[in-house]
Amino acid sequence: MTAQVESPAPPDAPPAKPRRLPLWANPRIGLVVLLVLLVALFTTLRPAFLDTRLTLTPLQSDISVYLVVGLAQLSVLSLGHMNLAVGRMAATSAFAMGLVHDKLGAGLIVSLAAGLLVGALLGALAGLIISRTGVNSFVVTLAMDFALVGLITILYASATDGVAFPTMPSGMEALRFDTFADYCMGDVCGPRIPLVVPIAIAAALLVGLFFRWSRVGREVLMTGSNMRAAELSGIPTRYRIVQAHALSGLIAALAGFLLAANNGAFSASIGDSFLLPSFLAPVLGGTLLVGGAVSVLGTALGAALTQVIYKGLNLLQFQLDQLQLYIGLVLLAALSLDRFRHVLAERRGAKL
Amino acid sequence: MLVAEKLVKTFPGVRALDGANLTLRPGSVHALLGENGAGKSTLVKLLTGVYRPDGGRILSDGAELQFGGPLDAQKAGIGVVHQERNLIPAFSVGENIVLHHLPGRAGWLDKQRMRAEARRCLELLEVDLDPDMPVSRLSVAQGQLVEIAKALSLDSKVLLLDEPTASLTGDEADRLYSVVRRLRDSGHAVVLVSHKLEEVFAVADTVTVLRDGRSVAEAEPLEGHTQSQIVDLMVGRAFASIELARHPVDASQTPALRLSDVATGLGHQDINLSVRPGEILGLYGLVGAGRSELAKAVLGLERITAGTVEIHGKPARIRNVGEALRRYRLGYVTEDRKDEGLFLEQPVTRNIAVTVWRRLAKAGFVPDRRERALAATYVERLGIRVSTPQQLAGQLSGGNQQKVSLAKWLAAECDVLIVDEPTVGIDVRTKAAFHELIAGLAAEGLALLLISSDLPETVVLADRIAVMSELRIVGELDNDHDYQRMSQQIIRLIHAEPSNPGTLRPTES
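Below, the structure is given as structure tokens:
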């Protein structure tokens, strides 16, 4: 039997087709491969890695939190900016949530809304300073981080025992412990997925929608791509900068909320561990530090990768300092590999 | 003797050099001429190791040279003084001259030897400068001499000077010429890249002319040639014969854009200009005359301190480009494509649709389908050559990039366009196509203000020509498209400033 031969390309094909990026050079594919390999490795060394209750469920909660943390950073990376205050914006917002609940007796939704508002305002303030003064976002948010560290200490000292609020709105316990398996309709129960997961996924979808299809999101990306050209194309670049930073603050607040739910308290230490992961997730996922392009899916994969490494090493009973050493090394290796792929792809004439 | 044979250099979408030859003999001054985009700077960069050639070779006394980078070229005795300053402002004259081989003693800088070496190089040029003086205190001309001294300190046998007198006064330029002659007499080969033909005829012995990346004259002795013969070689005959279809402008119409007695925060004074629908007003002037700045003031990016701007007869107060675009349908095609006109890392589609997202959007979201359809329309209408509309703008050739940056204003349905230096860095053929395009837009009824420092372009395209010099309009002419007569009138207008008689001082403010 002879197979039918594909018809050749039409003779009037357009000139100079740009070469597509080879599949292996796509950072998302690389992350998926790396994830699978690591999961296989950890499972071989410690079969308990696949234990649902012990490992997989908490892992999903952690990935959810750090996906949202990554999205907060991604929102300003789109401009080529940074938000070094991402952790402290989360902490300040979490304080607001705790305060509104503890002192005013507000419920879950109202407390959450108040915290998100505080986060958005903090972000907008940073954006306003950056766009008005033209000072580098690195410097502005670093200074803001410093100021907020002090503020948070003062606030917690005056409103609580100094560490955390004693109470949480009802419903947060469920976010902390429950999975969909705890909710049954008759005999049918949900999968063992923590309740925070759909919140994080919804946030990721909304951010993706914003940057991919909304006019404002696209204009933010154009501003990040070339601010001068954006201004000369009629984009109100100052507003876009303020809006992107406000979005970053808002999402940081959400991350603070999710972490508070995971930890079981609105505490002063929320956000302490946000800064490095906030960059790792988007950057590993292929979001450029120079602005103009973002990848939400990549951020999700990047967050998953970092948390899998963390969880795996933890299971292998590494001490905390060892853990930090190895996770740093693994991430350095991952980033170098990424750069290596990038260079190889460029040599082949592909455009990233 | 340095010989370049059949050099080829291709960039994405454009063949910058296509078999260029150059022969340099010791003890001679060699002029390298060509229009913008002819390949002069590419050739200079190949000779100095900045780029590597895609074809051809460079021979020194018969031995082939291969440069891995600029340092290799320096070691081979090829020095260069670039158009822009390349000195480190915080360092002294001496340190800059000896920068690439600072004499050391046990890891510390040996200042005595550094000064001696710097003095030796300066004396070769018969220039009296203190090696300890900070470079930041030098004039432009002195800085240039220091750069030449720097090249000499590396024992350069070949010295490339890229537009060395572009920002010098007449006296300073004369001093530089005498330095060049002295270098020639001491056995150096000097290459002079220049736009100024008088200067070339005064100093150079031989000439190579580039056109479209090829050498159309190779190491010809200059003696026995006239300036106009050289110009013919540079532009080719094809250019002079371009005839665009013309159409009469209805002079009774209200001007689409009119400036009356406008003054700006940058120092423009008494600017009066008007453009009618269907008309092209050329705004000619030298670089630094303040033309782009005037355009930006009209768009609200610089302050207007006096006078009025009217659009279609109504007074307009424009605060930013968005307002110019949406309320007044006024567009500005920027001079600098890469930094101001385009988003190089974004697809062509977005580059074109960026001005109209507001119109395309439904409930704040832009449907891909409508965006693609719009971009496809303009890709076809302007003949933009892309493999797919999703191609990144940075991958296109200069001419196609320029079309993209024009397309976004057409997509926004602007009826007044300010077009700033539309054909800088574009090869001759694309340029002609672009001129037809601009003339076509005027024929469709757009009002165009064409800012250009390309005299032939201005004379070919404009209906009227306003001449700007030092932030003022020094004259306005009806264009009769006779290049000889128009160009002489325009140049006379520019150089008739009482403040600065006779010299070629650039009008940088």
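Protein chains in written order, with my numbering: chain A, -6 to 345; chain B, 6 to 514.
Ideal Cβ positions, reconstructed from N, Cα and C, are used throughout, including at glycine.
Using a Cβ-Cβ cut-off of less than 7 Å, give me the residues of the stretch 58 to 75 of chain A that come near chain B, in sequence order. none
With 16 other CB atoms within 10 Å as the buried threshold, where does B/W414 fall? Here the question's residue 414 of chain B lines up with position 409 in the second sequence. That one is buried.
Span separating the alpha-carbon of B/E203 from that of B/V196: To locate residue 203 of chain B, count along the second sequence from 1; it is residue 198. To locate residue 196 of chain B, count along the second sequence from 1; it is residue 191. Going from the Cα of B/E203 to the Cα of B/V196 covers about 16 Å.
Within the stretch 102 to 171 of chain B, note down every full beta strand (DSSP E) run reaching 3 residues or more, in order along the chain. 163 to 167
Shortest alpha-carbon distance to B/P75 belongs to which of B/H87, B/S402, B/L454? On the second sequence, residue 75 of chain B is found 70 positions in, with the first residue counted as 1. B/P75 has its Cα closest to that of B/H87, out of B/H87, B/S402, B/L454.
Could you round the C-beta distance between B/G528 and B/A268 to whole angstroms and report it? I think they count as a contact, below 8 Å. Residue 528 of chain B is absent from the model: chain B starts at 6 and stops at 514.
Would DSSP call B/F16 helix, strand or coil? Translated into the one-based positions of the second sequence, residue 16 of chain B becomes position 11. B/F16 falls in the strand class under three-state DSSP.
Rounded separation between B/V361 and A/G143 - CA only: Here the question's residue 361 of chain B lines up with position 356 in the second sequence. Here the question's residue 143 of chain A lines up with position 150 in the first sequence. Roughly 46 Å between the two C-alpha positions.
Pop quiz: B/S474 and B/I496 are said to be a contact at Cβ under 8 Å. What is the actual Cβ separation, rounded to whole angstroms? In the second sequence, the residue the question calls residue 474 of chain B occupies position 469. In the second sequence, the residue the question calls residue 496 of chain B occupies position 491. Contact doesn't hold; Cβ gap of about 11 Å is too wide.
I want to verify the contact list: residues of chain A whose CB lies under 8 Å from the CB of B/Q407, in sequence order. Mapped onto the second sequence, residue 407 of chain B falls at position 402. Correct list: empty, because the minimum Cβ distance to chain A is about 14 Å.
Hey, how far is the Cα of A/A193 from the Cα of A/E212? On the first sequence, residue 193 of chain A is found 200 positions in, with the first residue counted as 1. On the first sequence, residue 212 of chain A is found 219 positions in, with the first residue counted as 1. Going by the C-alpha atoms only, they are around 25 Å apart.
Let me see if you follow: with CB-CB separation under 8 Å, is B/F348 close to chain A or not? For this step, residue 348 of chain B is matched to residue 343 along the second sequence. Chain A, which has a Cβ nearer than 8 Å to the Cβ of B/F348, makes this yes.
B/T310 versus A/S71 - alpha carbon distance: Numbered from its first residue, the second sequence carries residue 310 of chain B at position 305. Numbered from its first residue, the first sequence carries residue 71 of chain A at position 78. Roughly 37 Å separates the two Cα atoms.
Mark B/S161 as exposed unless 16 or more other C-beta atoms lie within 10 angstroms of its C-beta, in which case mark it buried. Taking the second sequence and counting its residues from 1, one reaches residue 161 of chain B at position 156. Classification for B/S161: buried.
If we count the other Cβ atoms within 10 Å of its Cβ and call it buried at 16 or more, is B/Q117 buried or exposed? Position 112 of the second sequence, counted from the start, is the residue given in the question as residue 117 of chain B. Exposed, by the Cβ-count rule.
My guess is that B/G4 and B/L12 are in contact by the Cβ rule of under 8 Å, so how many angstroms apart are they, rounded? Nothing can be reported for residue 4 of chain B: it is not among the residues displayed for chain B, which extend from 6 to 514.
Residues of chain B with a CB under 9 Å from the CB of A/G285: which are they? As a working note, residue 285 of chain A is residue 292 in the first sequence. Under the 9 Å cutoff, chain B gives F348, E350, Q351.
What does the Cβ neighbour count give for B/T508, buried or exposed, with the cut at 16 atoms within 10 Å? Within the second sequence, residue 508 of chain B is the residue found at index 503, counting from 1. Unreliable placement is indicated for B/T508, whose pLDDT of 37 sits below 50; the coordinate value is still reported in the next sentence. Exposed, by the Cβ-count rule.
Where does the unbroken alpha helix (DSSP H) through A/T126 begin, and where does it stop? Reading the first sequence from its first residue, position 133 is the one you call residue 126 of chain A. Its alpha helix (DSSP H) spans residues 101 to 126.
Across the stretch 305 to 319 of chain A and the stretch 62 to 80 of chain A, are there enough close Cβ pairs to call them in contact, namely three or more that are closer than 8 Å? no
Rounded separation between B/A146 and B/S183 - CA only: What you label residue 146 of chain B is simply residue 141 of the second sequence in a count that begins at 1. What you label residue 183 of chain B is simply residue 178 of the second sequence in a count that begins at 1. The straight-line gap from Cα to Cα measures roughly 13 Å.
Can you check which of these residues, B/S458, B/S158, B/G283, is closest to B/V85 by C-alpha distance? Residue 85 of chain B sits at position 80 when you count from the first residue of the second sequence. Here the closest residue by C-alpha is B/S158.
Listed in chain order, which residues of the stretch 363 to 393 of chain B have Cβ atoms closer than 9 Å to some Cβ of chain A? R363, L365, A366, G369, F370, V371, P372, D373, R390, V391, S392, T393
What's the gap between the Cα of B/A437 and the Cα of B/V254? Taking the first residue of the second sequence as 1, we reach residue 437 of chain B at position 432. Taking the first residue of the second sequence as 1, we reach residue 254 of chain B at position 249. Going by the C-alpha atoms only, they are around 22 Å apart.
Which runs of the alpha helix (DSSP H) at least 4 residues long sit entirely within the stretch 184 to 271 of chain A? Give them in chain order. 189 to 206, 208 to 218, 220 to 224, 230 to 256
I'd like the list of long-range same chain contacts for B/V326, defined as Cβ closer than 6 Å, with 5 residues on each side in sequence excluded. To locate residue 326 of chain B, count along the second sequence from 1; it is residue 321. Within the same chain, B/V326 has close Cβ partners L304.
Integer Cβ distance of B/A194 from B/L29, believed to fall under 8 Å: For the purposes of this step, residue 194 of chain B is taken as residue 189 along the second sequence, with counting starting at 1. For the purposes of this step, residue 29 of chain B is taken as residue 24 along the second sequence, with counting starting at 1. That belief holds up - the Cβ atoms of B/A194 and B/L29 are roughly 4 Å apart, short of 8 Å.
Which whole-angstrom value is the C-beta distance of A/L243 and A/L109, which I expect to be below 8 Å? As a first step, residue 243 of chain A is located in the first sequence; it is residue number 250 there, counting from the start. As a first step, residue 109 of chain A is located in the first sequence; it is residue number 116 there, counting from the start. Indeed they touch by this definition, with Cβ atoms about 5 Å apart.
How would you label A/C177, buried or exposed, when you count the other beta carbons within 10 angstroms and need 16 or more for buried? Position 184 of the first sequence, counting from 1, holds the residue named residue 177 of chain A. Flag for A/C177 reads exposed.
Determine, for B/Y488, whether the minimum Cβ-Cβ distance to residues of chain A falls below 8 Å. Counting from 1 along the second sequence, the entry for residue 488 of chain B is found at position 483. Answer no: the Cβ-Cβ gap between B/Y488 and chain A never drops below 8 Å.
Range covered by the beta strand (DSSP E) that runs through B/L264: On the second sequence, residue 264 of chain B is found 259 positions in, with the first residue counted as 1. Segment 262 to 269, the beta strand (DSSP E) holding B/L264.
Classify B/H515 as buried or exposed, calling it buried when 16 or more other Cβ atoms lie within 10 Å of its own Cβ. The shown model of chain B, from 6 to 514, leaves out residue 515 of chain B, and the question about it has no answer.
Going by alpha carbons, who is nearest to B/G346 out of A/A223, A/L277, A/S207, A/R46? Position 341 of the second sequence, counted from the first residue, corresponds to residue 346 of chain B. When only C-alpha atoms are compared, the closest one is A/A223.
Whether or not the stretch 419 to 426 of chain B and the stretch 280 to 298 of chain B are in contact is what I'm after, with contact meaning three or more pairs of Cβ atoms, one per stretch, closer than 8 Å; do they touch? yes
Residues of chain A with CB closer than 8 Å to the CB of B/G327, please, in chain order. Indexing the second sequence from 1 puts residue 327 of chain B at position 322. Within 8 Å Cβ-Cβ: G227, I228, P229.
Quick one: is A/N129 buried, meaning 16 or more other Cβ sit within 10 Å of its Cβ, or exposed? As a first step, residue 129 of chain A must be located in the first sequence, where it is residue number 136. So A/N129 counts as exposed.
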